[in-house]
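Quick notes on the structure that follows.
There are 2 protein chains.
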Amino acid sequence: MHKLSERSKRVLYAVVQSYINYPDPVGSRVVTKRYSFGLSPATIRNIMADLEDMGFLTQPHTSAGRIPTDLGYRFYVDSISTKGDVSSNVEVEILQGLYNRLQVLKNNIELLLSETTKSLSALSHYLGVAMSPAPDLTVFSKINLLKYQSDKVAVVLFTDDGRIKNKTLQVGPEISQKDLNRIAQYLNSEFSGLTFDEIRVRLFNEISKDKTRCDTLISRALNICREALYFTFNELFVSGLSEVLELPDFADLNKIRELSRAIEDKHMIIKLLDKLSETEGLKVIIGSENTITNLKDISLIVSPCKEGDRQVGIVGLIGPTRMNYAKAMYIVENTARFITKMLTEK
Amino acid sequence: MHKLSERSKRVLYAVVQSYINYPDPVGSRVVTKRYSFGLSPATIRNIMADLEDMGFLTQPHTSAGRIPTDLGYRFYVDSISTKGDVSSNVEVEILQGLYNRLQVLKNNIELLLSETTKSLSALSHYLGVAMSPAPDLTVFSKINLLKYQSDKVAVVLFTDDGRIKNKTLQVGPEISQKDLNRIAQYLNSEFSGLTFDEIRVRLFNEISKDKTRCDTLISRALNICREALYFTFNELFVSGLSEVLELPDFADLNKIRELSRAIEDKHMIIKLLDKLSETEGLKVIIGSENTITNLKDISLIVSPCKEGDRQVGIVGLIGPTRMNYAKAMYIVENTARFITKMLTEK
DNA sequence: TATTAGCACTTAAAGGTTGAGAGTGCTAAC
DNA sequence: GTTAGCACTCTCAACCTTTAAGTGCTAATA
Chain A
13 MHKLSERSKR VLYAVVQSYI NYPDPVGSRV VTKRYSFGLS PATIRNIMAD LEDMGFLTQP
73 HTSAGRIPTD LGYRFYVDSI STKGDVSSNV EVEILQGLYN RLQVLKNNIE LLLSETTKSL
133 SALSHYLGVA MSPAPDLTVF SKINLLKYQS DKVAVVLFTD DGRIKNKTLQ VGPEISQKDL
193 NRIAQYLNSE FSGLTFDEIR VRLFNEISKD KTRCDTLISR ALNICREALY FTFNELFVSG
253 LSEVLELPDF ADLNKIRELS RAIEDKHMII KLLDKLSETE GLKVIIGSEN TITNLKDISL
313 IVSPCKEGDR QVGIVGLIGP TRMNYAKAMY IVENTARFIT KMLTEK
Chain B
13 MHKLSERSKR VLYAVVQSYI NYPDPVGSRV VTKRYSFGLS PATIRNIMAD LEDMGFLTQP
73 HTSAGRIPTD LGYRFYVDSI STKGDVSSNV EVEILQGLYN RLQVLKNNIE LLLSETTKSL
133 SALSHYLGVA MSPAPDLTVF SKINLLKYQS DKVAVVLFTD DGRIKNKTLQ VGPEISQKDL
193 NRIAQYLNSE FSGLTFDEIR VRLFNEISKD KTRCDTLISR ALNICREALY FTFNELFVSG
253 LSEVLELPDF ADLNKIRELS RAIEDKHMII KLLDKLSETE GLKVIIGSEN TITNLKDISL
313 IVSPCKEGDR QVGIVGLIGP TRMNYAKAMY IVENTARFIT KMLTEK
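One line per chain: the protein sequences are A and B, in this order.
Its first residue numbered 13, the first sequence is counted upward by one per residue in my numbering.
Its first residue numbered 13, the second sequence is counted upward by one per residue in my numbering.
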């Protein structure tokens, strides 16, 4: 696409870096002062004007310095992700601390993910997010149906990745624990090892078949099955709003409103993370690259967590596009890596 | 305490009312214009000066009108709660809608409370809060211990009020499902009907007794018991931050930060609600009356929900001290009443 | 030919001034 | 006891001015 001279690249990199560290538009003088190019401000000005023409930089107003566009950030992110420069020992230690702290929770993935978001936001001062896998990635393992209080059934569902879900069903008093055991046994033998999306399809077929048969006892049982297997799987966890509000990028009331609405909605973020779940490894979405939610000037960094080959969640950070990408990417990548390691080698 | 003339009371009431409706300090002219006292501004001025001396009103600055102090709001709240004036039919209908919508959830109290906070905030434009009862109000009903994946035990706990809690315990492979059944049976026969605080005490005694006996098998079982019964009971639900951010009272960035920190901490709010759980009926805490959290200019309205005689949660609203108390109290009271009704008559 | 110094120009942000408007307390009259 | 009148106080918005930063362009320079 664009062919940038080596010199232009270095200037662009310097501008982005400077703006990330210090939230003021970057002028040509600052570039020469903070980075040694051996060029005068006038020359830098020319280069920066070119970079603006090419869409990497923009000016808030005529007499201000330049700030990166999403494309500028993209260039920056792509160059650091190949270099992988930042890695302070302090942070390795902090992450190790996280590893130890989460060790206790390795049997409860949802709690683990929820705690992880707190660590993520505390480490980065951005919004920590995490989500457990969607129904199409969640494999059914086992179900128990326990009768209690004469007309209620507790459904206890085990997924393959160690999640336990429960709910209560209201049933007639005539259904005995024995009946329930039989239903559970049927579900266990029939569906164990399938994903919940697959199960949903099969059950749907079963029920439509049943329509023609009109056997009320079986149809009741099928209804219990359907209700028993209906759960929300991709649970979303978010923490660190108060961290993020300290950033100068969120000094504007409208931005705060927008963000808090997004957090409360969850729906949109789930959709976005769901789509990103499909990809392997660390992924960075910068500002307008995100076409699903209409969050302006927000970037997202995510990475999946695995247990062996199976994905058990996705963790990440949400912050302003003017984000310390190097650090944030480092934190997300290693957090995901640690969780994967912990779950896999246990 | 203070003896207020009937006329002063009417003026104070008018000032608070006016300030709640229009977020500007109330001047003597406004009082005479908006409320018909048959008195001139000068007279109102004298009365308002007296009210300021008595601590019911205050001036933001010399040439501004007056705004209520916490004491002023307290007077206002106490007079409306005895009168019970506001009750629009529209809101009755909305609450009825809530009632229908929640009907589906009556088997899952925690989900019900969580959904209730959304309704509360949508209705009031304040922060909806709800909390399930603490361990000293939660009665143990039944426990199931289910072995899975060779070295894991799923603990499924039923409380008296219909909550189901679960967790995973890591145990040695040598413990069989039969052993677990025995342990569960022991717990069920021994502790059913007790609150979790009582159980904690008993188990503690049991374990210290055991120390002297040094029987490893029993001590392992006791450990499983202790872990199996350890859950977080008073879960806190909050929604509506984005609603609250629309209010002029939260135009200040620092206030937003303060509030978002309080919401994320949860700890403090839980402590506060815990204390309030003890009281019956609707309760209003205005600004500095709240000595537990250091939230400034925040009021809280709560009411417990019951199922029969048993408290199953507490619901409420958090808003600025400049709050529409009449409406908010109405909403909280009726929401709590509806939930109580729904759970009791089912 | 690429680089740079110099300079006129633009703009936002900060500070100061002013006048309008709202509200008060006080005093004297009703 | 109530009220009209008035001097006084204070905030707020509008307006102006200054300052500082940064630009683009042009002409000189290496």
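For glycine and all other residues, C-beta sits at the position ideal for the given N, C-alpha and C.
Under the three-state DSSP convention, the category residue i falls into
i	result
B/Asn-246	coil
A/Arg-19	helix
B/Leu-24	helix
A/Ser-188	coil
A/Thr-333	coil
A/Thr-356	helix
A/Lys-339	helix
B/Leu-181	strand
B/Ile-304	coil
B/Tyr-160	strand
A/Arg-175	coil
B/Ser-251	strand
B/Gly-96	Any reading at B/Gly-96 must be qualified, since the residue scores a pLDDT of 48, below 50, and its modelled position is unreliable; the value itself is stated next. Note: B/Gly-96 maps to coil in three-state DSSP.
A/Gln-71	coil
B/Pro-35	coil
A/Gly-50	coil
B/Gly-325	strand
Residue closest to residue i, alpha-carbon to alpha-carbon, out of the options
i	options	result
A/Ile-343	A/Leu-294, A/Lys-318, A/Arg-46, A/Asp-62	A/Leu-294
A/Ala-26	A/Ala-54, A/Gly-84, A/Ala-76	A/Gly-84
A/Asn-193	A/Gly-252, A/Lys-179, A/Val-167	A/Val-167
A/Pro-332	A/Ile-310, A/Lys-353, A/Lys-339, A/Gly-325	A/Ile-310
B/Leu-229	B/Ser-251, B/Ala-240, B/Ile-187	B/Ile-187
B/Ile-268	A/Ile-275, A/Leu-271, A/Leu-257	A/Leu-257
B/Leu-149	B/Gln-323, B/Lys-353, B/Thr-352, B/Leu-329	B/Gln-323
A/Leu-307	A/Glu-345, A/Asn-336, A/Phe-262, A/Glu-319	A/Phe-262
A/Ser-40	A/Gly-328, A/Asp-264, A/Leu-355, A/Ala-76	A/Ala-76
A/Asn-302	A/Lys-339, A/Ile-330, A/Asp-62, A/Val-104	A/Ile-330
A/Thr-352	A/Glu-218, A/Arg-113, A/Pro-316	A/Pro-316
A/Glu-127	A/His-137, A/Ser-136, A/Val-141	A/Val-141
B/Arg-212	B/Phe-243, B/Arg-78, B/Ser-201	B/Phe-243
B/Asp-321	B/Glu-122, B/Gly-299, B/Arg-78, B/Leu-355	B/Leu-355
A/Phe-249	A/Arg-46, A/Glu-122, A/Ala-54, A/Gln-115	A/Glu-122
B/Leu-169	B/Leu-199, B/His-137, B/Ser-162, B/Val-183	B/Leu-199
Host beta strand (DSSP E) of residue i (start-end)
i	result
B/Val-165	164-171
B/Ile-297	295-298
N-terminal and C-terminal residue of the alpha helix (DSSP H) that residue i is part of
i	result
B/Val-43	40-46
B/Leu-312	No alpha helix (DSSP H) holds B/Leu-312; the beta strand (DSSP E) holding it covers 310-319.
A/Asp-65	53-65
B/Lys-278	From DSSP, B/Lys-278 is part of no alpha helix (DSSP H); its letter is neither H nor E.
B/Thr-207	It is not in any alpha helix (DSSP H) - B/Thr-207 carries neither H nor E in the DSSP assignment.
B/Glu-290	Unbroken run through B/Glu-290: none, as it is neither H nor E.
A/Ala-263	Looking at the DSSP string, A/Ala-263 is not in any alpha helix (DSSP H), and its letter there is neither H nor E.
B/Thr-228	228-240
Separation of residue j from residue i, as counted between CA atoms
i	j	result
B/Met-280	A/Leu-288	36 Å
B/Ile-313	B/Leu-139	10 Å
A/Lys-164	B/Arg-232	33 Å
A/Gly-325	A/Lys-278	16 Å
B/Phe-350	B/Phe-203	32 Å
A/Ser-220	B/Gly-174	33 Å
A/Ser-264	A/Met-335	One point to set straight first is that residue 264 of chain A is Asp, not Ser, in the sequence displayed. Near 17 Å, if we compare the C-alpha coordinates of A/Met-335 and A/Asp-264.
A/Val-42	A/Tyr-31	11 Å
B/Leu-253	B/Pro-260	14 Å
B/Lys-339	A/Asp-191	50 Å
B/Thr-171	A/Asn-235	26 Å
A/Val-89	B/Ser-133	40 Å
B/Leu-181	B/Glu-239	8 Å
B/Gln-71	B/Asp-65	11 Å
B/Thr-44	A/Ile-282	54 Å
B/Phe-49	B/Glu-276	47 Å
B/Gly-96	B/Thr-129	Model confidence at B/Gly-96 stands at a pLDDT of 48, short of 50, so the residue's coordinates are unreliable and nothing is read from them.
Practice prompt. Could you tell me which uninterrupted alpha helix (DSSP H) segments, each at least 4 residues in length, are contained entirely in the stretch 114-158 of chain B, listed from first to last along the chain?
Written response: 121-136
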